[in-house]
Amino acid sequence: MAKIFIAEIQANQEVASSFVVTEKQLRVARNGTPFLTLKLADKTGEVVGRVWERAEEIADVIPAKSFVFVRGRSERYRDELQLQIQEIYPLPLSEVNRFDFLPVCPVGTETLFEQFSSLVSSIKRRPLVRLMKHMLGDKDLMGRFKIAPAAKSMHHAYLGGLLEHTVSVAGLVSRICEHYPALDRDLLVVGAILHDMGKVDEFV
Numbered sequence: 011m012a013k014i015f016i017a018e019i020q021a022n023q024e025v026a027s028s029f030v031v032t033e034k035q036l037r038v039a040r041n042g043t044p045f046l047t048l049k050l051a052d053k054t055g056e057v058v059g060r061v062w063e064r065a066e067e068i069a070d071v072i073p074a075k076s077f078v079f080v081r082g083r084s085e086r087y088r089d090e091l092q093l094q095i096q097e098i099y100p101l102p103l104s105e106v107n108r109f110d111f112l113p114v115c116p117v118g119t120e121t122l123f124e125q126f127s128s129l130v131s132s133i134k135r136r137p138l139v140r141l142m143k144h145m146l147g148d149k150d151l152m153g154r155f156k157i158a159p160a161a162k163s164m165h166h167a168y169l170g171g172l173l174e175h176t177v178s179v180a181g182l183v184s185r186i187c188e189h190y191p192a193l194d195r196d197l198l199v200v201g202a203i204l205h206d207m208g209k210v211d212e213f214v
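Be aware that the sequence shown starts at 11, since it is given in this note's numbering, and climbs by one per residue.
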């Protein structure tokens, strides 16, 4: 079943999709009936979901920070979208597509990779050219490089963040070398390209 992202959900829509539970609270309505409030999220945003039937039972089997499949209907309540949950159950990690839940670089990956390739092509010294060709020819490495984040937090902590960070640093180094022609531009640009490449193995 295709993923329905939170940003796509409209009021009065049938929803059947996977989400991550970021918060969970078992509460009691004015009439004394327990109900479960969940904050559900994916890479596009968050939405509140409410469970009215078997709330206590479901609260016991749905931990916070877990992936779930939800079936329900969206509605507006006090000008905010929420889900009235009719069915919910935990999802094993094997059935979760992590790319549905991780934030993505705001700049297109292909655009960034074109800029990256242009920087690589600007290298002229033969030993460094061979090194860069070897790196670009590693399809597994480049595939992971395109999607890796640059960090867990602080900066470029999203899919494609390492590529964006690398292009930014290498581009800055290249511009600095224009002002200081005595610098070894090729060596410095290659150093900038490689300085965080190990994060491909750390994060992907």
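Think of the CB as a built atom: it goes at the ideal place given N, C-alpha and C, for glycine as much as any other residue.
C-alpha gap between residue i and residue j, whole angstroms
i      : j      : result
Val66  : Glu124 : The sequence given here places Glu at residue 66; Val does not occur at that position. When rounded, the distance between both Cα atoms is 53 Å.
His175 : His166 : 7 Å
Lys156 : Arg64  : 44 Å
Gly208 : Gly171 : 14 Å
Asp196 : Asp148 : 21 Å
Leu122 : Ser128 : 10 Å
Lys162 : Ile72  : 26 Å
Lys49  : Gln35  : 9 Å
Pro113 : Asn107 : 13 Å
Ile133 : Gly118 : 24 Å
Val53  : Gly153 : Looking at the sequence itself, residue 53 is Lys, so the reference to Val does not match. Whole-angstrom Cα-Cα distance: 21 Å.
Leu173 : Val61  : 41 Å
Gln92  : Leu169 : 28 Å
Thr43  : Glu33  : 20 Å
Arg136 : His205 : 20 Å
Start and end residues, alpha helix (DSSP H) containing residue i
i      : result
Asp196 : 195-204
Val179 : 171-189
Lys134 : Taken as a continuous stretch (DSSP letters only), Lys134 belongs to no alpha helix (DSSP H), as it is neither H nor E.
Leu269 : Not covered by the structure: residue 269. The range shown for the chain is 11 to 214.
Lys162 : Note, Lys162: premise wrong, no alpha helix (DSSP H); not H, not E.
Nearest-angstrom beta carbon gap, residue j and residue i [assumed within contact, 8 Å]
i     : j     : result
Phe79 : Ile98 : 7 Å
Glu85 : Ala21 : 6 Å
Arg37 : Phe45 : 6 Å
Arg83 : Glu24 : 6 Å
Delimiting residues of the beta strand (DSSP E) encompassing residue i
i     : result
Lys34 : 24-38
Local Cβ density within 10 Å of residue i, reported as buried at 16 or more and exposed below that
i      : result
Leu103 : exposed
Met126 : Here the sequence assigns Phe to residue 126, which means Met is not the residue at that position. The residue in question, Phe126, is buried, as its Cβ has 16 or more Cβ neighbours within 10 Å.
Pro116 : exposed
Ala192 : exposed
Interface flag, residue i vs chain B, CB-CB below 9 Å
i      : result
Gly171 : Going by chain labels, chain B is absent from the structure shown, which holds only one protein chain.
Where are the alpha helix (DSSP H) runs, 4 residues long or more, that stay fully inside the segment 42-109, in chain order? Restricting attention to alpha helix (DSSP H) runs no shorter than 4 residues, the segment 42-109 encloses them at 65-71, ordered along the chain.
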